[in-house]
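Engineer:
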Amino acid sequence: MSALTLERPRSLKAALASLAADPSLMPIAGCTDVYVGLHFGTTPERRFLDLWGLKELRGIGVDGDALRIGALSTYTEIIQSTLVQQRVPMLVAASREVGGAQIQNRGTLGGNVANASPAGDTLPVLAAAGARIVLRSQSGTRTVPFDGFYTSYRNSIRTPDELVVAIEIPRLQGRQWWRKVGTRRAQAISKIMMAAVRGTDVRIGIGSVGPTVITATQAAAVLSGGGSIADAKAALLSEIRPIDDVRSTGEYRATVAANLLEQFWRET
Amino acid sequence: MARAVGANVRRKDGDAKVTGAAKYIDDLTFPGMLYGATVRSSIPRGTITARHISLPDGYTVADHRDIPGPNYVALIDPDQPCLAVDEIRHVAEPLLLVAHADKDALLHLDTRISIETRNGTPTYDPEASDVCFKKIAIDKGDLDAGFKAADVIVDGEYRTAHQEQLYIETNGVIAVPGDGRMTVYGSMQCPYYVHRALVVLLALPPDKVRVVQTETGGGFGGKEEYPSILACHAAILARKAGRPVKMIYDRVEDLLATTKRHPSIVRHRTGLTRDGRLTAMDIDVIMDGGAYATLSAVVLSRGVIHAAGPYRCDHIRIRGRAMMTHTPPNGAFRGFGAPQTLFAIEAHIDRIAEQLQIDPVRLREQNALRPGDTTATGQQLGRDASALAVLRDAVKRSRFHQKRKAWAGTNRGIGLSLFLHGSGFTGGGEVKLASKASLELTPRGARILVASTEIGQGTRTMHAQIVADALGLPYDAIDVHEADTAFVPDSGPTVASRTCMIVGKLLERCARDMRRRLGTLTPAQYYKKHGAFTVTSQYEPPPGLQWSDETYAGDAYGSYAWGCNVVELEVDPVTFDVTPLNVTAVAEIGKAIHPMMAIGQIEGGTAQGIGYALTEEVVMKDGRMANAQLTNYIIPTPLDAAPMDVGLLERPYAHGPFGAKGVGEMPIDGPAPAVINALRHCGFDIRSIPATPERLMRARLHHGFSKAGT
Amino acid sequence: MRFTLNGKSRTVNAHPMKRLLDVLRGECGLTGTKEGCGEGECGACTVLLDGVAVDSCLVPLAHVAGKKVITIEGAAATRTGKALQNAFVEQGGAQCGICTPGMILAAAPLTSHASFDEIRTALAGNLCRCTGYPAIFRSVQSALKASKRAR
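Protein chains in written order, with this note's numbering: chain A, 1 to 268; chain B, 1001 to 1710; chain C, 2001 to 2151.
The structure is reproduced here in structure tokens:
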């Protein structure tokens, strides 16, 4: 314990200055993932930067035509936000299935994004929504598309001196759809999940079937172009890389991915 | 005065538990206390060739050389070392013990301690193993004649896997050394098992060893024998350091290293007449015991005795063997061999019903044991044999036949299972245990002195109810002493559904003796006049009970409880997730001393049985549990809870207290086969559990469901 | 680090990264909050932080500075706490009791007219191995009814 240090900046500006000075600091927020690793000795980091008190990272509002969700918005805040309920109900649905109430009260959207797990519950939603990630460092701000944010397993284009400060979701047109397939109905790491939007265009995000969340552009293109569901399923299967692990099998994930696509199409 | 037995009196320990006042082992500290940790093997089989330890001052390290007595954990067979010498037989085998005053100093010991090994070739398949812990043979009638009389013969093979008890409080103890003495406090079911193991290992006289059970957060068998190992470890460290040592397993270590339910392979060959009467049953049972014998002989025993299920048949052959594999030793878990073999027979009976095109209820009705019939071991059942009563009640409650018809060809299924569970230790076991119970007079009433432990099931409350009514005193006048070997006699272990039927009966006898002695005086009057006195009662078998260990024949148990489960479920055609829609659980238990707590046992055991059937999978890779985190070992959450409809029937057992039999284990025997039979109803041929969505996907008989059920 | 614990102001000198669970059980001497898994799966360590349920095994001490923490030892002072405690005894919601403190606190934020679904959802992060859950639901429903009558 004595080997750990915690910096507690009072403002975003101070936080960014600390990160600029020492990019090896690990930013923490709701701690729902970090503390598991710390307790069992699997987290190697020792120096932490506490973002929890930074008011600049909170708040859900409208910015132009987009919905802007502060990185520190908890799942509970997202679930209770009428703005999110109206504009991105699939994000509310995904947030409701994260862990249980205790995790929802502490886990944050920014944390889910920065943690970069291929099983992050909100990530397929952000993929399907064509979201944008707002990154900030001491040198400035940049807003990047969610597509391409992740480069490989647990890696993103966020540089060590940058923080995720907000997630922007453009106005979505069409019906939204979400389904998480877990090992049980709560407290479950997903085996596979899919978020999709069916408007004039189709967008599909799918998680736990590759080293990162996947935007299924080929399957979506087949459907957007009026192709058959059979062709869309085939396209989807070529885009995903499901594996065997302690929770499920590649075979199951592949079969269910195709089934989910069909269910989405049938229900929207 | 209001009777306590049969009423839902207020739990003795309820208020302490809901206010946070109840003290579990990790809530206790002792002056000068150290924390202990275990260094374990990372390979499943091999030999230790070197140990390298480089620790700074402040650490106490102990190995097998620090054991004063013989290096084994006393239970049944003396084959399990307390600490490995040079042979490793399973992953997570305990090798070394380390203590330090700072708990954090015990993290990352692998950077300071390295164990060099020469790897051996492990055996994981019990059928390929050449080490047999126990063989049992049961023979009734003439099997050949039975098959000759059969019109139809049906074969089947059924498999069950490991299951983890998953008590929410992990294993933990504190060992406190004294002058030539040792006291161990801990989370446990059997203080006298722990006592015996310590006496042997520490080479101390019995009166120099004291074991105290602390409030225990669940056991389910997982704290029947395992705590003896942990207690021995803590005691070795405490003895060496000369200071109290606390050892609490974190969840990962508990999952990796402690006992699990025995996996099983059960094969049936069954002969029947064309109209569905059983003529011959040939059953082969294999249990995977893991690396050391522990309780495998007894698990096998209960398993084979229950293997023919609740059915009558004149010609039965049962063969069972418990085999060694290089995996962490398996041990006690609620049901103790019966869930495995009852799964097999009940899944098999439904396949027979399907093959013979006989209604599964009718097939069971035809063959169910009735009063006067004899079991596989030749035990003649008494008037309290209730197979037909529980079957008919469950079928009626659940509207089984209507749903069976309405849901045919849909994604909804309904299935049932019929089962029994013997209470108490098998055969001569209770005689060998020779359990004792004592009752001490107090100014207010009486104090119960038994080694039976409260582990959530309501022991304190139920025992107090029995004593209150037998003494003719209010329930509040009875208190219960802590299960502390310095004060309570050996009432035997808190297992085998015996705590009410056997120990409760002893207490009833004590109470009646005390009543006679008090005469017309109240406890306060007697106490003032003559002081306190203690009455002790020792187990006597009911008259006429006969059992032979040699022929494995006779009266296996004093009495049986009877159960029937009906499971209604729905399979999601997109994901193959199974949602239990309703579980009907009817249980005949002699007498419900505390109806609410009896229902609590039924609901809790049923939930564990549903988990056993559907989601609880121990993923073993190279002899090691690969999913040893609570996030990856899947028990139901409140959102997964199956709605339950419980029916309680009572057919008094003459030798149980107020007619009571046992109830703790039976509820877990029935759900798994009822689930599998419901899945069969909606088109899945599954013969092993857990029936995960991944396996259901592979096992589909049809392309899809014709329509969704309503 | 100063915070309000069960209605009283409390100052603790401990590492800011120390788990709130360990601070409550250690420095504060309140052992009613239990550790079941250390990974936020079982909910046995649930406490109320500014009125909402959190897993104290996942909360750094630093995050409670200036905030209100309620543990099982302070549950009786909440709106429904006493009714919940009594109901868990009377309706069989508590068997071995190890999950009970966490269960009660997870249920404490529920309003008196919570539906069955809302009750289940509030408790979704709390595991019980003894009861199978029906008696826990009955206990919470009974408590919410009792607290409605009491108003």
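Glycine included, every Cβ here is placed at the ideal spot set by N, Cα and C. Predicted, not measured: the structure shown is a model, and the values here were computed from it.
What is the DSSP secondary structure of Trp1407/B, reduced to helix, strand or coil?
Structural biologist: coil
Engineer: Please report the distance separating the alpha-carbon of His1421/B from that of Ala1338/B.
Structural biologist: 8 Å
Engineer: Can you give the Cα-Cα distance for Arg1003/B and Asp1469/B, rounded to whole angstroms?
Structural biologist: 6 Å
Engineer: Quick check on DSSP: helix, strand or coil for Pro1671/B?
Structural biologist: helix
Engineer: So, with DSSP's three-state summary, where would you put Glu1588/B?
Structural biologist: strand
Engineer: Show which residues of chain A have a CB atom less than 7 Å away from the CB atom of Pro2101/C.
Structural biologist: Per Cβ cutoff of 7 Å: no residues; Pro2101/C is ~13 Å from chain A at best.
Engineer: Does the beta carbon of Met1/A sit closer than 8 Å to a beta carbon anywhere in chain B?
Structural biologist: yes
Engineer: Beta-carbon of Ala101/A versus every beta-carbon of chain B: anything under 8 Å?
Structural biologist: no
Engineer: Could you check the C-alpha separation between Val84/A and Arg96/A for me, to the nearest Å?
Structural biologist: 13 Å
Engineer: What are the residues in the segment 2029–2051 of chain C lying within 8 Å of chain B by C-beta distance?
Structural biologist: Leu2030, Thr2031, Gly2032, Thr2033, Lys2034, Glu2035, Gly2036, Cys2037, Gly2038, Glu2039, Glu2041, Cys2042, Ala2044
Engineer: Unbroken alpha helix (DSSP H) runs of length 4 or more, entirely within the segment 31–61 of chain A: which are they?
Structural biologist: You should have 34–40.
Engineer: Mapping the DSSP letters down to three states, classify His1702/B as helix, strand or coil.
Structural biologist: With a pLDDT of 47 at His1702/B, under the threshold of 50, the modelled position of that residue is not reliable, and no figure is offered here.
Engineer: From the DSSP output, in three-state form, read off Pro1068/B for me.
Structural biologist: coil
Engineer: Could you compute how far the alpha carbon of His1463/B sits from the alpha carbon of Met194/A?
Structural biologist: 54 Å
Engineer: Does any C-beta atom of chain B lie closer than 8 Å to the C-beta of Gln187/A?
Structural biologist: yes
Engineer: Who does Thr1047/B pair with in a DSSP beta bridge?
Structural biologist: Glu1087/B, Arg1118/B
Engineer: Does the beta carbon of Asp2117/C sit closer than 8 Å to a beta carbon anywhere in chain A?
Structural biologist: By this cut-off, Asp2117/C is not an interface position.
Engineer: At a CB-CB cut-off below 7 Å, which residues of chain C make contact with Val1018/B?
Structural biologist: Gln2085, Phe2088, Val2089, Ala2094, Thr2100, Ile2104
Engineer: Could you tell me if the beta carbon of Gln176/A falls within a distance shorter than 7 Å of some heavy atom in the ligand PLP?
Structural biologist: With respect to the ligand PLP, the structure offers nothing, as it holds no ligand at all.
Engineer: Does the beta-carbon distance from Lys1591/B to Gly1670/B come in below 8 Å?
Structural biologist: no
Engineer: I'd like the list of long-range same chain contacts for Tyr75/A, defined as Cβ closer than 7 Å, with 5 residues on each side in sequence excluded.
Structural biologist: Excluding sequence neighbours, Tyr75/A sits near Ser95, Val98, Gln104, Gly107.
Engineer: Leaving out the 5 sequence neighbours to the left and right, which residues in its chain are closer than 6 Å to Arg1011/B when beta-carbon positions are compared?
Structural biologist: Cβ within range, chain order: Thr1461.
Engineer: Over the uninterrupted alpha helix (DSSP H) stretch that includes Ile2136/C, give me the two end residues.
Structural biologist: 2134–2149
Engineer: For Cys1510/B, report the span of its alpha helix (DSSP H) as first-last.
Structural biologist: 1505–1518
Engineer: For Lys2008/C, tell me which candidate among Val2047/C, Gly2074/C, Met2017/C, Leu2021/C has the shortest Cα-Cα distance.
Structural biologist: Closest in C-alpha terms to Lys2008/C, from the list Val2047/C, Gly2074/C, Met2017/C, Leu2021/C, comes Gly2074/C.
Engineer: Can you pull the DSSP bridge partners for Pro170/A?
Structural biologist: DSSP, once it has assigned bridges, lists no residue as partnering Pro170/A.
Engineer: At a Cβ threshold of 8 Å, is Tyr1024/B touching chain C?
Structural biologist: yes
Engineer: Compare the C-beta of Gly209/A with all C-beta atoms of chain B and state if any pair is closer than 8 Å.
Structural biologist: Checking the sequence shown, residue 209/A turns out to be Val, not Gly. For Val209/A, the answer is no, since every Cβ of chain B falls outside 8 Å of its Cβ.
Engineer: Just to confirm, are Leu54/A and Leu12/A a CB contact at a threshold of 8 Å?
Structural biologist: yes
Engineer: Can you check whether the C-beta of Ile1610/B is within less than 8 Å of a C-beta belonging to chain D?
Structural biologist: This model lacks chain D altogether; the protein chains it does include are A, B and C.
Engineer: Is Lys191/A helix, strand or coil when you go by DSSP?
Structural biologist: strand
Engineer: Following the continuous alpha helix (DSSP H) through Asn1367/B, name the residue where it begins and the one where it ends.
Structural biologist: 1360–1367
Engineer: Taking 8 Å as the threshold (beta carbon to beta carbon), is Ala1101/B in contact with chain C?
Structural biologist: no
Engineer: In chain order, what residues of the same chain lie with their CB nearer than 7 Å to the CB of Leu2005/C, ignoring the 5 residues before and after it?
Structural biologist: Cys2028, Val2069
Engineer: Give every residue of the same chain whose Cβ lies closer than 6 Å to the Cβ of Thr5/A, excluding the five residues on either side of it in the sequence, and list them in chain order.
Structural biologist: Annotation for Thr5/A: Arg47 place their beta carbon closer than 6 Å to its own, counting only its chain and skipping 5 residues before and after.
Engineer: What number of angstroms, rounded off, separates the C-alpha of Ala1007/B from the C-alpha of Met1597/B?
Structural biologist: 10 Å
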